[in-house]
Amino acid sequence: MSLLSEQLADGRFVVTAEIAPPKGTNLGQAFDEARKLVGVTAVNITDNQGANMRLSSLALAARLQQSGIETILQLTCRDRNRMALQSDLLGAASFGIENLLLLSGDHSKFGDQPDARPVFDLDSVQLLEMTAGLMAGVDMVGKPLDGAPQFFPGAAANPAAEPFELMFRKVAKKVDSGARFFQTQAVFDRRVLERFSAAMQPLAVPVIAGVLLVRSGKMARFLNDNIPGVQVPGDLVERLDRASDPMAEGVAIARETVSCARELCQGVHLMTLGQEDQIPAILA
Amino acid sequence: MIISELKPLEDLQQALAEFSRLFLVGCAACATACKAGGEEEVFKLQEWLLEQGKDVTGSVIIDEACHLMRASRDLRHYKLAVLEADALVVLACGSGVQAISANVDKRVVGGLNSLFLGNVRRYGHYEEMCSLCGDCILNETAGICPVTTCAKGLLNGPCGGMEDGHCEVDPEIECAWRLIYERLQKQQRQGVFARRVPPKNWSRRRKPGRYRLKNGGR
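If you're matching them up, the sequences are chains H and V in order. The numbering of the first sequence is our numbering, which starts it at 81 and goes up by one. The numbering of the second sequence is our numbering, which starts it at 819 and goes up by one.
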């Protein structure tokens, strides 16, 4: 059993963070960042995030996992058809990777190879269902596996999405399809988290709230304009703009969200984008 | 109908560089309707070619350029003009271009890019609503196709990029799943939300498509 699944089962407040694989083969920085993550249960390894081509998330997750760092492998439907997804999942299990975050994936349009053909042979619900099948020892067409993988599959949700009911219909489908935990898109507003965790209550699946460290008003505006599903509210953008030390203000904002999450959720997922040294301050 | 558009003139210029005498072919069906390959456009192309110092040996607008037999028959009527030409320039969709190529030994230059199977919003505004996937889910999705109108073709609801009911890929466009959800609500039914939709059967879309009416259509 993964540490993440144990801690969530024990009702402990978990902290996850994320690392992006390098564009290239040099894993030095990724390992350095991973070692800097103190007080973190598991680290997400992003999969060509933002549709930017990087070293494979499976490769980096495997390397980290083998060096004793617990990972959450992110896997999107954008770049692989169902056969590749199944074989990558079996491959992940062979490296001892258990935690998964199964996603549809940002559209190729946003990344550095916008002419690529987006695949989306499966969607995230179908990917979860397929994973449950693999865990039960059968592939997508019902053929038995010689050795079934053990996974702790998670899914993503965007608590701020509107219309909320529509977004939540999909969340419920993900739970039905075997999602055992949720990591959310960055949340900035207590009310958003309240509404989401209230809706999640009857489903009894732990929620790890996304906390994004926004270092400046400029960064907030960039996120709002360029990152799907992320909206930094206007009052926070103003706070960052007015602050004499925007980084400290960003850390303070993140800390406020963490404290909401301690009340309302089962953990936080910290997106510090290269500022991993701020994690102790955010969790303080 | 099939929506198509004229290739960039620089591309055409390059494709036609080695030819001096050309026979022009338009299509009276889709390419005429979307103003890419009808009488008017064939005439404009002829004018442009003359400006480029080319000769035009003749032209024809085929009723449906995609009809292999009809294309053959219509071209036969222009046998001499075709014979005089170094190449044929076809203002029709990719199907049309291939119907012509299949019927002549001469070089055939396609003048259009074929874009999609389009609905007409209003004059000159076309939208793709069906992608001919062979495995139609419209009866469950209140008549709105997520395979086509969701940028990711998702089958179980919106992605995490939906913002205020709009699409992450083009914020001008309403999220297909929001439209489906709202129309199902109006119809007071669950539709596609009543079940987890299984992965799509893409073998229905195996290329190249072939279809024959049963009993020869009788």
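No residue lacks a Cβ here, since even glycine has one placed at the ideal position from N, Cα and C.
Checking 8 Å against the spacing of the C-beta atoms, do residue i and residue j come in under that value?
i              : j              : result
A905 (chain V) : L863 (chain V) : no
S324 (chain H) : K254 (chain H) : no
I362 (chain H) : L350 (chain H) : yes
L181 (chain H) : N128 (chain H) : no
G330 (chain H) : L320 (chain H) : yes
D186 (chain H) : A131 (chain H) : yes
Q145 (chain H) : G191 (chain H) : no
A851 (chain V) : I879 (chain V) : no
N238 (chain H) : G314 (chain H) : no
N921 (chain V) : A889 (chain V) : yes
P286 (chain H) : L88 (chain H)  : yes
V348 (chain H) : A279 (chain H) : no
G876 (chain V) : Y896 (chain V) : yes
A212 (chain H) : A235 (chain H) : no
R162 (chain H) : D226 (chain H) : no
E946 (chain V) : R939 (chain V) : no
A994 (chain V) : C968 (chain V) : yes
L273 (chain H) : A341 (chain H) : yes
L84 (chain H)  : A122 (chain H) : yes
E356 (chain H) : L117 (chain H) : yes
F93 (chain H)  : Q358 (chain H) : no
E242 (chain H) : D982 (chain V) : yes
F244 (chain H) : V312 (chain H) : no
P229 (chain H) : A142 (chain H) : no
L834 (chain V) : V860 (chain V) : no
Rounding to the nearest angstrom, what Cα-Cα distance links residue i and residue j in this structure?
i               : j               : result
D305 (chain H)  : H984 (chain V)  : 14 Å
P826 (chain V)  : G928 (chain V)  : 12 Å
A364 (chain H)  : N957 (chain V)  : 53 Å
A266 (chain H)  : L316 (chain H)  : 13 Å
L165 (chain H)  : G119 (chain H)  : 31 Å
L893 (chain V)  : I918 (chain V)  : 8 Å
P976 (chain V)  : V1010 (chain V) : 12 Å
P224 (chain H)  : R160 (chain H)  : 22 Å
E1000 (chain V) : S296 (chain H)  : 38 Å
M215 (chain H)  : G961 (chain V)  : 36 Å
L950 (chain V)  : L183 (chain H)  : 26 Å
T96 (chain H)   : F231 (chain H)  : 17 Å
S137 (chain H)  : V907 (chain V)  : 48 Å
R270 (chain H)  : M299 (chain H)  : 21 Å
T264 (chain H)  : F276 (chain H)  : 10 Å
F302 (chain H)  : Y1029 (chain V) : 50 Å
S188 (chain H)  : D873 (chain V)  : 45 Å
E86 (chain H)   : R335 (chain H)  : 25 Å
L1002 (chain V) : L246 (chain H)  : 11 Å
G952 (chain V)  : T966 (chain V)  : 12 Å
T151 (chain H)  : T352 (chain H)  : 16 Å
G914 (chain V)  : P194 (chain H)  : 30 Å
F248 (chain H)  : L283 (chain H)  : 11 Å
K1032 (chain V) : D881 (chain V)  : 26 Å
A849 (chain V)  : K1025 (chain V) : 24 Å
N1019 (chain V) : T126 (chain H)  : 29 Å
M819 (chain V)  : K853 (chain V)  : 12 Å
P198 (chain H)  : G354 (chain H)  : 28 Å
Which residues does DSSP pair with residue i in a beta bridge?
i               : result
E1000 (chain V) : According to DSSP, E1000 (chain V) bridges with nothing at all.
F934 (chain V)  : V:I821
L170 (chain H)  : Note: L170 (chain H) sits in no beta bridge, so no partner.
R940 (chain V)  : V:H943
M30 (chain H)   : As displayed, chain H neither begins before 81 nor continues past 364, which places residue 30 (chain H) out of reach and without an answer.
R1024 (chain V) : Paired residue(s): none; R1024 (chain V) is not in a bridge.
G961 (chain V)  : Paired residues: none, contrary to the question.
H984 (chain V)  : V:E981 and V:E992
I879 (chain V)  : V:G844
N124 (chain H)  : H:E98 and H:I152
V287 (chain H)  : H:F262
D873 (chain V)  : V:R839
H349 (chain H)  : H:T96 and H:G290
R1013 (chain V) : Answer by DSSP bridge pairing: none, since R1013 (chain V) is not bridged.
L180 (chain H)  : H:L153 and H:P233
P224 (chain H)  : H:V218
G928 (chain V)  : V:V908
Could you tell me how far apart the beta carbons of residue i and residue j are, in whole angstroms, since I believe they sit closer than 8 Å?
i              : j               : result
C157 (chain H) : L208 (chain H)  : About 11 Å separates the two Cβ atoms, so there is no contact after all.
E823 (chain V) : N931 (chain V)  : 6 Å
L135 (chain H) : T105 (chain H)  : 7 Å
N974 (chain V) : R1023 (chain V) : In fact, because the Cβ distance is near 19 Å, the residues do not count as touching under 8 Å.
A899 (chain V) : G844 (chain V)  : Contact doesn't hold; Cβ gap of about 14 Å is too wide.
G979 (chain V) : E986 (chain V)  : 3 Å
P102 (chain H) : Q109 (chain H)  : 6 Å
Cβ closer than 8 Å: which chain C residues qualify as neighbours of residue i?
i              : result
F200 (chain H) : The displayed structure is made up of protein chains H and V, and chain C is not among them.
(request) Determine, using beta-carbon pairs with one atom in the region 102-122 of chain H and one in the region 159-169 of chain H, whether at least three such pairs fall under 8 Å. (result) no
(request) Check whether the region 931-945 of chain V touches the region 988-1007 of chain V, counting contact only when three or more Cβ pairs, one atom from each stretch, lie closer than 8 Å. (result) no
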